[in-house]
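Peer 1: Numbering (our numbering), first residue to last: 10 to 408.
Glycine residues also receive a C-beta, built at the ideal position from the N, C-alpha and C atoms.
Handing you this structure, nothing more for now.
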């Protein structure tokens, strides 16, 4: 029964700090995260660590809905209009984030006079995580302020593509790191192919269930039945993607994208989801805040600062360069990179894999760096995203 008590505390905290954030003209998601941080184990400990773990299902479900909503924005009509621009920008901003972070990390070790093979492997694995972006915080800011325009359209497409690119780049860099360390039971080719297999499996699951969901909404006509059907398919997609070692985010994005492009009921379903999901999203972000650990800030050192700064530089410059290459609107070139700062779930997941690639000490250090960066990016990122959208003239209200 304590789970219900904690759930009530979490939602109440989210509502309260969402109001405080609104009063301070900050995004609601920032208020949720700060509120979660305060009631979590790092500060007041109103929500113990073991209780956070027991509520993990909430985060899983919320990410499924978030991914489905992002997928709903990926309509073929839009891609026919803009062409390959979002894909190219996503490739460049991800690649630049990785390469600039790698350069900064190698520079750090060089200046220390400690650029060994092991430290080079460390730099490869750490920088590979830099590509990942957190779509959840971005979506919440866009929804809260009802942002509309070319920057918003491109942003939603880029964050949807971003994690696929991040997974592939991470797989390639880890394969190189393993080759340098002569570790791993798989061949280098298989290590490089694994991320592609993960993506294909995820997209295939999303494709099949997207078609089935569309057929189901023709059979079930009531609004209650339809929203129940969508929830069912999101749950099934999450389960199967996890069962077959795919990405639940990519699978649910594909589910949403297929449904958006072949169903005539997409707008109606979107409206229903919009009113059903707020409590789940509030719980997700408050829990995310509660999971943030202030203690890790004291152990990461200068290398953590290098990661935080150089990743942001790479994202901003990469998005600008990709926009220039594709002759995108000036507003996209100028502001898109600033809206790609948030980093959370995917990066933390990749950092867990890093602990299996490097020696225990280095693996733990990478995990501490990513957790510290997440703390900073998740608190600061949504605010900067709001500023970027406002500067672009795509926020017309102060929600």
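#1: Where residue 113 and residue 14 are concerned, what is the direct C-alpha to C-alpha distance, given to the nearest angstrom?
#2: To the nearest angstrom, how far is it from the Cα of residue 18 to the Cα of residue 338?
#3: Flag this pair as yes or no: are the beta carbons of residue 384 and residue 296 separated by less than 9 Å?
#4: How should residue 227 be labelled, buried or exposed, when 16 other C-beta atoms within 10 angstroms of its C-beta is the threshold for buried?
#5: Do you know whose CA, among 182, 205 and 146, lies nearest residue 173's CA?
#6: Inspect the beta-carbon positions of residue 260 and residue 271 and report whether they are closer than 9 Å.
#7: For residue 391 versus residue 144, is the C-beta spacing smaller than 9 Å?
#8: Could you tell me the alpha carbon to alpha carbon distance between residue 327 and residue 104, rounded to whole angstroms?
#9: Rounded to a whole number of angstroms, what is the C-alpha to C-alpha distance between residue 92 and residue 170?
#10: Count the other C-beta atoms from every protein chain shown that fall within 10 angstroms of the C-beta of residue 86, then say buried if there are 16 or more, exposed otherwise.
#11: Which whole-angstrom value describes the C-beta separation of residue 284 and residue 245, a residue pair presumed to lie in contact below a C-beta threshold of 8 Å?
#12: Would you decide whether residue 369 is buried or exposed? Buried here means 16 or more other CB atoms lie within 10 Å of its CB.
#13: Alpha carbon to alpha carbon, how far is residue 88 from residue 120?
#14: So, under 8 Å CB-CB, residue 49 and residue 299 are touching, yes? Tell me the CB distance rounded to an integer number of Å.
#15: Between residue 84 and residue 269, is the Cβ-Cβ spacing less than 9 Å?
#16: Looking only at its chain, what residues have a beta carbon closer than 7 Å to the beta carbon of residue 321, apart from the 5 residues adjacent to it on each side?
#17: For residue 325, count the other beta carbons within 10 Å of its own beta carbon; 16 or more makes it buried, fewer makes it exposed. Which is it?
#18: Any idea what DSSP makes of residue 272, helix, strand or coil?
#19: Exposed or buried, which one is residue 258 when buried takes at least 16 other CB atoms within 10 Å?
#20: Tell me, to the nearest whole angstrom, how far the beta carbon of residue 165 is from that of residue 82; I am working on the premise that it is less than 8 Å.
#21: Which one of 41, 213, 52 and 222 has the shortest CA to CA distance from residue 146?
#22: When the distance is taken between beta carbons, is residue 263 closer than 9 Å to residue 80?
#23: In terms of alpha-carbon separation, which member of 290, 242, 208 and 180 lies closest to residue 254?
#24: Helix, strand or coil, according to DSSP, for residue 67 in the structure here?
#25: Are the Cβ atoms of residue 106 and residue 71 separated by less than 9 Å?
#26: State buried or exposed for residue 66, treating a residue as buried only when at least 16 other CB atoms are found within 10 Å of its CB.
#27: For residue 160, does the count of other Cβ atoms within 10 angstroms reach 16, so buried, or fall short, so exposed?
#28: Quick check on the burial criterion: 16 or more other C-beta atoms within 10 angstroms. Buried or exposed for residue 312?
#29: Is residue 110 near residue 323, with beta carbons less than 9 Å apart?
#30: In whole angstroms, what is the alpha-carbon distance linking residue 126 and residue 189?
#31: Mind reading off the beta-carbon distance from residue 232 to residue 186? Whole number of angstroms is fine, and I expect it under 8 Å.
#32: Does the distance from the CB of residue 282 to the CB of residue 315 come in under 9 Å?
#33: Report the three-state DSSP secondary structure of residue 129 (helix, strand or coil).
#34: Tell me the rounded alpha-carbon separation between residue 54 and residue 60.
Peer 2: According to the structure data:
#1: Counting from one through the chain shown, the residue named residue 113 turns up at place 104. Counting from one through the chain shown, the residue named residue 14 turns up at place 5. Going by the C-alpha atoms only, they are around 46 Å apart.
#2: On the chain shown, position 9 is the one that residue 18 refers to. On the chain shown, position 329 is the one that residue 338 refers to. One C-alpha to the other measures close to 45 Å.
#3: Here residue 384 refers to the residue found at position 375 of the chain shown. Here residue 296 refers to the residue found at position 287 of the chain shown. For the pair residue 384 and residue 296, the CB atoms are not nearer than the 9 Å cut-off.
#4: Walking along the chain shown from the start, residue 227 turns up at place 218. Exposed, since its Cβ has fewer than 16 Cβ neighbours within 10 Å.
#5: As a working note, residue 173 is residue 164 in the chain shown. If we check each option's Cα against that of residue 173, 205 comes out closest.
#6: Along the chain shown, one-based indexing puts residue 260 at 251. Along the chain shown, one-based indexing puts residue 271 at 262. It is not a contact, given that the beta carbons lie outside the stated cut-off.
#7: Residue numbering aside, residue 391 sits at position 382 when the chain shown is read from its first letter. Residue numbering aside, residue 144 sits at position 135 when the chain shown is read from its first letter. No, Cβ-Cβ distance for residue 391 and residue 144 is not below 9 Å.
#8: The count along the chain shown starts at 1 and reaches residue 327 at position 318. The count along the chain shown starts at 1 and reaches residue 104 at position 95. Near 7 Å, if we compare the C-alpha coordinates of residue 104 and residue 327.
#9: On the chain shown, position 83 is the one that residue 92 refers to. On the chain shown, position 161 is the one that residue 170 refers to. When rounded, the distance between both Cα atoms is 14 Å.
#10: Position 77 of the chain shown, counted from the first residue, corresponds to residue 86. So residue 86 ends up on the exposed side.
#11: Reading the chain shown from its first residue, position 275 is the one you call residue 284. Reading the chain shown from its first residue, position 236 is the one you call residue 245. The beta-carbon separation of residue 284 and residue 245, rounded to 22 Å, does not stay under the 8 Å limit for a contact.
#12: Within the chain shown, residue 369 is the residue found at index 360, counting from 1. Per the 10 Å Cβ criterion, exposed.
#13: In the chain shown, counting from the first residue as 1, residue 88 sits at position 79. In the chain shown, counting from the first residue as 1, residue 120 sits at position 111. In a straight line, the C-alpha of residue 88 is about 45 Å away from that of residue 120.
#14: Translated into positions along the chain shown, residue 49 becomes position 40. Translated into positions along the chain shown, residue 299 becomes position 290. Their Cβ separation, rounded to whole angstroms, is 3 Å, which keeps residue 49 and residue 299 in contact under 8 Å.
#15: Here residue 84 refers to the residue found at position 75 when the chain shown is read from its first residue. Here residue 269 refers to the residue found at position 260 when the chain shown is read from its first residue. Yes, the pair counts as a contact, with Cβ atoms nearer than the cut-off.
#16: To locate residue 321, count along the chain shown from 1; it is residue 312. Taken in chain order, the residues that qualify are 350.
#17: As a first step, residue 325 is located in the chain shown; it is residue number 316 there, counting from the start. Residue 325 should be labelled buried.
#18: By 1-based counting over the chain shown, the position of residue 272 is 263. Note: residue 272 maps to coil in three-state DSSP.
#19: Reading the chain shown from its first residue, position 249 is the one you call residue 258. Buried, since its Cβ has 16 or more Cβ neighbours within 10 Å.
#20: Taking the chain shown and counting its residues from 1, one reaches residue 165 at position 156. Taking the chain shown and counting its residues from 1, one reaches residue 82 at position 73. Confirmed, about 4 Å.
#21: The count along the chain shown starts at 1 and reaches residue 146 at position 137. When only C-alpha atoms are compared, the closest one is 41.
#22: Translated into positions along the chain shown, residue 80 becomes position 71. Translated into positions along the chain shown, residue 263 becomes position 254. Yes; because the gap between Cβ atoms is below 9 Å, this pair is in contact.
#23: Counting from 1 along the chain shown, the entry for residue 254 is found at position 245. Cα-wise, what sits closest to residue 254 is 208.
#24: Mapped onto the chain shown, residue 67 falls at position 58. Correct three-state label for residue 67: helix.
#25: Counting from 1 along the chain shown, the entry for residue 106 is found at position 97. Counting from 1 along the chain shown, the entry for residue 71 is found at position 62. No; because the gap between Cβ atoms is not below 9 Å, this pair is not in contact.
#26: For this step, residue 66 is matched to residue 57 along the chain shown. The residue is exposed, with fewer than 16 neighbouring Cβ atoms inside 10 Å.
#27: Locating residue 160 in the chain shown gives position 151, where the first residue counts as 1. Classification for residue 160: buried.
#28: Residue numbering aside, residue 312 sits at position 303 when the chain shown is read from its first letter. Its Cβ being crowded by 16 or more others within 10 Å, residue 312 is buried.
#29: For the purposes of this step, residue 110 is taken as the residue at position 101 of the chain shown. For the purposes of this step, residue 323 is taken as the residue at position 314 of the chain shown. Yes, these two residues count as a Cβ contact at 9 Å.
#30: As a working mapping, residue 126 is identified with position 117 in the chain shown. As a working mapping, residue 189 is identified with position 180 in the chain shown. Those two C-alpha atoms are separated by around 7 Å.
#31: Within the chain shown, residue 232 is the residue found at index 223, counting from 1. Within the chain shown, residue 186 is the residue found at index 177, counting from 1. 51 Å between Cβ atoms; not a contact.
#32: As a first step, residue 282 is located in the chain shown; it is residue number 273 there, counting from the start. As a first step, residue 315 is located in the chain shown; it is residue number 306 there, counting from the start. In this structure, residue 315 does not lie closer than 9 Å to residue 282 by Cβ.
#33: Residue mapping note: residue 129 aligns to position 120 of the chain shown, counting from 1. It is helical.
#34: Position 45 of the chain shown holds residue 54. Position 51 of the chain shown holds residue 60. Each residue's alpha carbon lies about 11 Å from the other.
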